[in-house]
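Below is one structure, written out as structure tokens, with a few remarks after it.
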Amino acid sequence: MSTMRLQPVGLTEADVTRLEVFLRFIGKRARWQWVLVRDGAADLLICAAGARRSVPSDPASEVAVLSGPGQPPQHALDRDIALPSNLDLETFQELLTKVEARMAIAAASTVAAPSPPMPVVQAVPQRSAIATLEGRFRLIRWPGAELLRSHPKAVRLLGFIAREAISMDRLETLSGLDRAACTEIVQQLLRRDLLAWHATASAPPSKRLASKQAPATEGARSRTTAPGELSAGLLTRLRMKLGFS
Amino acid sequence: MEAKIVFTGPPNAGKTTAIGALSDVAPIMTDVDNNDGSLSKDTTTVGFDYGVVRIDGAEQVRLYGTPGQKRFDFMWQILVRDAIGVVILIDNSQPDAMSHLDEFLISLEGYLHDVACVIGVGRTETHPMPSIDAFAARLAFHGHVFPVIDVDVRRRGDVLMLVELLLTQAEARLMLERP
Numbered sequence: 007m008s009t010m011r012l013q014p015v016g017l018t019e020a021d022v023t024r025l026e027v028f029l030r031f032i033g034k035r036a037r038w039q040w041v042l043v044r045d046g047a048a049d050l051l052i053c054a055a056g057a058r059r060s061v062p063s064d065p066a067s068e069v070a071v072l073s074g075p076g077q078p079p080q081h082a083l084d085r086d087i088a089l090p091s092n093l094d095l096e097t098f099q100e101l102l103t104k105v106e107a108r109m110a111i112a113a114a115s116t117v118a119a120p121s122p123p124m125p126v127v128q129a130v131p132q133r134s135a136i137a138t139l140e141g142r143f144r145l146i147r148w149p150g151a152e153l154l155r156s157h158p159k160a161v162r163l164l165g166f167i168a169r170e171a172i173s174m175d176r177l178e179t180l181s182g183l184d185r186a187a188c189t190e191i192v193q194q195l196l197r198r199d200l201l202a203w204h205a206t207a208s209a210p211p212s213k214r215l216a217s218k219q220a221p222a223t224e225g226a227r228s229r230t231t232a233p234g235e236l237s238a239g240l241l242t243r244l245r246m247k248l249g250f251s
Numbered sequence: 161m162e163a164k165i166v167f168t169g170p171p172n173a174g175k176t177t178a179i180g181a182l183s184d185v186a187p188i189m190t191d192v193d194n195n196d197g198s199l200s201k202d203t204t205t206v207g208f209d210y211g212v213v214r215i216d217g218a219e220q221v222r223l224y225g226t227p228g229q230k231r232f233d234f235m236w237q238i239l240v241r242d243a244i245g246v247v248i249l250i251d252n253s254q255p256d257a258m259s260h261l262d263e264f265l266i267s268l269e270g271y272l273h274d275v276a277c278v279i280g281v282g283r284t285e286t287h288p289m290p291s292i293d294a295f296a297a298r299l300a301f302h303g304h305v306f307p308v309i310d311v312d313v314r315r316r317g318d319v320l321m322l323v324e325l326l327l328t329q330a331e332a333r334l335m336l337e338r339p
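Chains A and B, in that order, are what the protein sequence lines are. Per our numbering, residue 7 is the first one in the first sequence, and the count goes up by one each step. Per our numbering, residue 161 is the first one in the second sequence, and the count goes up by one each step.
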């Protein structure tokens with residue numbers, strides 16, 4: 007279990023206590039262990055609205071900013087995460103999830119491409135990514151049933167980008183959809199903030215290769231037989247039997 | 161090699177019903193009288209439910225429903241091993257539905273990296289909270305990106321959607337790992 011450090015900046019004691027209670031509640035269940043620290047290095051800074059200026063504009067940590075009472079959540083800086091003043095458990099949990107996703111994506115990209123130039127990875131893609139669809143895209147959360155039901159063609163495409171970051175060209179080849187259909191689906195996902203964007207066009211090593219290079223301690227996960235050992239034909243025949251396209 | 165799809169989740173989540181919606185044969189059930197007062201049902205599964213989707217000739221995909229109680233978690237793992245995928249059904253009308261998801265994700269942690277998975281949340285019409293978004297966030301919190309959808313397992317179309325989402329993931333994995 008990874009330990010992550012959360013540091014309050016300029017919060018009232020009541021707000022700090024609330025964070026401690028939240029952490030106690032979810033800490034036992036979380037895969038990542040979060041601890042609250044008062045100083046030193048931190049992975050996440052939660053700032054009071056007026057305290058944002060005391061933090062560097064581009065810190066190594068993620069920054070979340072609580073809005074003032076009665077004010078709507080506002081981003082202090084582009085990358086900051088805005089929080090409502092009455093932070094509840096669910097919102098707090100979503101905050102941690104978002105920070106973990108950002109860190110996991112950044113870490114994965116670092117492993118995949120250790121030599122410079124480092125890939126730029128953003129949970130929230132740049133406008134240029136939406137316009138040009140260059141780079142690679144990876145799903146960070148599946149869309150809801152409504153979108154899945156209204157875009158049945160999207161389902162197959164989502165399976166690929168849920169596993170790894172993929173460029174538009176490769177996505178077109180894998181999904182069998184034409185460019186226009188792929189573009190429409192990816193843009194919809196981007197608008198819903200469901201994709202992480204990787205600036206580099208080259209793909210990381212496949213998971214199969216990565217798993218072969220993994221240390222022996224990872225072996226416990228290999229007890230299951232990979233679906234790769236199933237035949238694609240069986241899955242196709244099952245798909246046809248159940249009436250899927 | 162056995163091709164199978166597993167339905168798991170807490171008691172009363174609809175595993176037996178979901179298998180019944182898909183199976184080409186009458187599902188074989190191992191239900192006994194329920195003596196757990198916290199469950200509002202007359203019987204509960206203590207072994208596993210079993211159904212079959214016959215594809216062609218001798219080829220078939222087996223459907224397994226696990227017992228829901230935590231004390232049978234060793235069976236969840238046995239059944240999920242080597243599966244095409246696992247459907248985790250959650251009953252949102254139960255008081256701590258989110259912790260049920262935690263329970264299954266933690267128990268199956270060693271398998272979910274290799275097996276397709278989808279979460280179906282039931283009874284959301286009458287019990288909309290926790291929201292589907294909250295379940296998705298909790299899933300991400302555990303480090304997984306799987307589909308989470310609201311379902312009514314009495315509707316065959318909903319069960320088919322769960323299976324399609326599993327197949328999509330399994331096929332994607334096959335294609336991406338093809339040399």
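The beta-carbon is built from N, C-alpha and C at its ideal position, and this holds for glycine as well. These figures come from a predicted structure and were not determined experimentally.
For the beta strand (DSSP E) holding residue i, just list the boundary residues, first then last.
i        : result
B/Lys164 : 164–168
B/Gly245 : 245–251
A/Thr9   : 9–15
B/Val319 : Careful: B/Val319 lies outside any beta strand (DSSP E), inside the alpha helix (DSSP H) at 316–336.
B/Asp274 : Neither: B/Asp274 is in no beta strand (DSSP E) and is coded neither H nor E.
A/Ile87  : 87–89
A/Asp94  : Counting along the chain, A/Asp94 falls outside any beta strand (DSSP E), and DSSP gives it neither H nor E.
Identify every residue that forms a DSSP beta bridge with residue i.
i        : result
B/Gln237 : B/Gln237 pairs with nothing; no bridge assigned.
A/Phe143 : A/Ile172, A/Trp203
A/Val41  : A/Arg11
A/Cys53  : A/Val15, A/Val71
B/Leu223 : B/Ile165, B/Gly211
B/Ile188 : B/Tyr210
B/Asp242 : B/Asp242 is not bridged to any residue.
Once DSSP output is grouped into helix, strand and coil, what is the label at residue i?
i        : result
A/Met246 : helix
A/Ile32  : helix
A/Val61  : coil
A/Arg185 : helix
A/Gln99  : helix
B/Asp293 : helix
B/Val305 : coil
B/Met258 : helix
A/Val161 : helix
A/Asp21  : helix
B/Val281 : strand
B/Val313 : coil
A/Lys218 : The predicted position of A/Lys218 is uncertain, since its pLDDT is 39 and thus under 50; no value can be drawn from it.
Report all residues from its chain with a CB closer than 6 Å to the CB of residue i; omit the five preceding and five following residues, and keep chain order.
i        : result
B/Val185 : Val212
B/Pro307 : Val278, Leu325
A/Leu195 : Leu201
B/Ala178 : Phe167, Val313, Val319
B/Met161 : For B/Met161, the predicted model reports a pLDDT of 46, less than 50, meaning its position is unreliable and no value from the coordinates is stated.
B/Leu265 : His302
B/His260 : Pro170, Ile250
A/Val105 : Leu50, Glu68
B/Gly174 : Leu249, Gly282, Val313
Quick one: what's got a C-beta closer than 7 Å to residue i's C-beta in the same chain, skipping five residues either side?
i        : result
A/Ser181 : Arg162, Leu163, Phe166, Cys188
B/Met235 : Phe208, Thr226, Pro227
A/Leu3   : Any answer about residue 3 of chain A is impossible in this case: the structure gives chain A only from 7 up to 251.
B/Thr176 : Pro187, Met189, Thr205, Asp209, Gly225
B/Arg283 : Asp251, Asn252, Ser253
A/Arg11  : Val41, Val43, Ala47, Ala48, Asp49
A/Phe98  : Phe28
A/Val61  : Val15, Leu51, Cys53, Val69
Within the continuous alpha helix (DSSP H) that includes residue i, where are the two ends?
i        : result
B/Gly180 : 175–182
B/Glu269 : Taken as a continuous stretch (DSSP letters only), B/Glu269 belongs to no alpha helix (DSSP H), as it is neither H nor E.
A/Ser156 : 151–156
Given 7 Å as the limit, tell me if residue i has its C-beta closer than that to any heavy atom belonging to the ligand COA.
i        : result
A/Ile191 : The ligand COA is absent from the structure shown, which contains no ligand whatsoever.
Could you pull out every residue in the same chain whose Cβ sits closer than 8 Å to the Cβ of residue i, ignoring the five residues on either side in sequence?
i       : result
A/Leu95 : Phe28, Phe31, Ile32
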